[in-house]
Amino acid sequence: MRYMPHTAEERAEMLDKIGVSSVDDLFVDIPQEARLTALLDLPAHAPEMDVDAQIQAYGAQNLAPSEAPSFLGAGAYRHHVPSIVDHLIQRSEFLTAYTPYQPEISQGTLQALFEFQSQVALVTGMDVANASMYDGATACAEAVLMACRVTRRKKAILSANLHPHYRGVTETAVQFTNFSVEANAPSVSGAEDLSAELGKDIACVVVQNPDFFGRLQDLSDLADKCHEVGALLVVVVTEVVSLGVITSPGEMGADIVVGEGQSIGVPLSFGGPYVGLFATRQKYVRQMPGRLCGETVDQDGTRGFVLTLSTREQHIRREKATSNICTNAGLCSLAFSIHMSLLGEAGFAKLAQLNHGEAVAAADKINAIDGIDVLNDTFFNEFTVRLPVPAAQAVEQMAQMGILGGVPVSRLLPGQPDFENLLLVTVTETNSDADVDRLVAALKEITSA
369 MRYMPHTAEE RAEMLDKIGV SSVDDLFVDI PQEARLTALL DLPAHAPEMD
419 VDAQIQAYGA QNLAPSEAPS FLGAGAYRHH VPSIVDHLIQ RSEFLTAYTP
469 YQPEISQGTL QALFEFQSQV ALVTGMDVAN ASMYDGATAC AEAVLMACRV
519 TRRKKAILSA NLHPHYRGVT ETAVQFTNFS VEANAPSVSG AEDLSAELGK
569 DIACVVVQNP DFFGRLQDLS DLADKCHEVG ALLVVVVTEV VSLGVITSPG
619 EMGADIVVGE GQSIGVPLSF GGPYVGLFAT RQKYVRQMPG RLCGETVDQD
669 GTRGFVLTLS TREQHIRREK ATSNICTNAG LCSLAFSIHM SLLGEAGFAK
719 LAQLNHGEAV AAADKINAID GIDVLNDTFF NEFTVRLPVP AAQAVEQMAQ
769 MGILGGVPVS RLLPGQPDFE NLLLVTVTET NSDADVDRLV AALKEITSA
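So the sequence shown is numbered by the numbering used here: it starts at 369 and just counts up by one.
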């Protein structure tokens, strides 16, 4: 093998040293059905120009949201990102910066993170926020682990209508711990009484708002009932722009707020990298994962910034670490902070109002189509539509028309007949009236065929 310099004798010596008989013994935790039994069916090597041409051809098969009217959502949203955001984050001191191991030297980095934390705490209505997480799903998992540490309980309840990816990541994170999660089956009706499942053994309840199907909820009553039994309320927000107009999770009584910050400053980028948000109450700050940057003054009274809290295992004893998250999404959090600064508080609220207004107008037009129903009574900029045909089929047909018509619920919740005809549609400030009219015309054509 060209890139494996060790001889057979050297490999045998290494295996003997660690006490296994073969390389296969190192992979015993991987299920047999998940292992490859032969080489992948890939083309043989080729000249660089040929490979480049082939890869370009593969890429050309994509229909990107920037190339067509896009109504995609389900946790990743297209918003306008001012060109200055990309211009600033590509400065070399930002683009090539890495984790500051002597953080106090990196005052600019620390101040940027401090401002980011301040913005996240403000929009979520919480006391304190960390310097970011990898993405919303991993932040959700970390929130459950944190709640179990705070309450010293071992069970979490996940809302039925939590985003399936967030549920999956959380279940994966706890599977090798002594904690457990329980989740109800997803329901488009929204009927779910989580308070009935509360008990003295529950560490937290995790609820998404707006939920996976786009519905808005008042969580104040649930928060009170959680607190009555000593449980924490974790609120997930996948569309952070919604916080510009709806009551913040903190005002509703949330103890931990996590979410995806991609909507502000970060492009879709075919799925990442994104930026996870994590905020909590001051009294729980010692159990918060990730990093916390603080403001102080030096011996001369000059304002400065310090790394106040760092929970990663490289910085403290492994058994004392509250998280295995090794770093924050620094560049994406900077993009978030720049975009949010450009908007300002009034601009952020105006952006949210614009999103909601455009979505309401589009929903009315779609709901007027014979055979199609908008199922939401409440929503921000995303809503669920029931079609008379399978949603996945309709999406493929619309793609052929040059329209990204939404996300079939069956793509994220497969194998459930009740969801086969359901389509998630998102409308943001990037969608013109002409875009919506094209979507409406395409849906009429598909459903009348």
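For glycine and all other residues, C-beta sits at the position ideal for the given N, C-alpha and C.
Buried versus exposed, by CB contacts within 10 Å (16 or more), H448:
exposed
Who pairs with Q576 in a beta bridge, going by DSSP?
V604
Express the C-alpha separation of M372 and F544 in angstroms, rounding to a whole number.
Between F544 and M372, the C-alpha separation is close to 33 Å.
Please report the residue range of the beta strand (DSSP E) in which T690 lies.
Per DSSP, T690 lies in no beta strand (DSSP E) and is assigned neither H nor E.
Nearest-angstrom Cβ-Cβ length linking T519 and A571, presumed shorter than 8 Å:
4 Å
Would you mind giving the Cβ-Cβ distance between V573 and L590, rounded to the nearest angstrom? I have them listed as a contact below 8 Å.
That pair is a contact at about 7 Å.
Quick one: is N577 buried, meaning 16 or more other Cβ sit within 10 Å of its Cβ, or exposed?
Looking at its Cβ environment, which holds 16 or more other Cβ atoms inside 10 Å, N577 is buried.
Using CA atoms only, rank isn't needed, just tell me which of L790, L772, G773 and Q422 is closest to L780.
L790 is the residue among L790, L772, G773 and Q422 whose C-alpha sits nearest the C-alpha of L780.
Inspect the beta-carbon positions of N498 and P641 and report whether they are closer than 8 Å.
no
Please report the straight-line C-alpha distance between A402 and Y502, rounded to a whole angstrom.
26 Å
Environment of T670 [buried if 16+ CB atoms lie within 10 Å]:
exposed
Please report the distance separating the alpha-carbon of A421 from that of G427.
10 Å
Bridge partners - K523, DSSP secondary structure assignment:
S548 and I570
Counting pairs of Cβ atoms below 8 Å between the stretch 756–763 and the stretch 783–800, do you hit three or more?
Yes, they touch.
Tell me which same chain residues have a C-beta within less than 7 Å of the C-beta of L636, skipping the five on either side of it?
P433, A444 and R446
Are the beta-carbon atoms of L711 and L719 separated by less than 8 Å?
yes
Distance between G504 and V537 (C-alpha atoms, nearest Å)
10 Å
Touching or not, the stretch 736–743 and the stretch 471–487, by the rule of three or more beta carbon pairs under 8 Å?
These segments do not touch.
Should P776 be labelled buried (16 or more other beta-carbon atoms within 10 Å of its own) or exposed?
buried
For V753 and V742, I'd like the C-alpha separation in whole angstroms.
4 Å
What three-state label does DSSP hand E818 in the structure shown?
In this structure the chain extends from 369 to 817, so residue 818 is not present and cannot be described.
In the DSSP output, what is M708 paired with across the bridge?
Per DSSP, none; premise fails for M708.
Could you spell out the range, first to last residue, of the beta strand (DSSP E) harbouring S678?
R671 to S678
Give the secondary structure of E764 by DSSP, where H, G and I count as helix, E and B as strand, and everything else as coil.
helix
What's the gap between the Cα of P411 and the Cα of R379?
So the two alpha carbons sit approximately 29 Å from each other.
Alpha carbon to alpha carbon, what distance is there between G672 and Y534?
Straight-line Cα distance between these residues: approximately 37 Å.
Is the distance from the Cβ of F580 to the Cβ of N529 below 8 Å?
yes
Run of the beta strand (DSSP E) containing E663, from where it starts to where it stops:
R659 to V665
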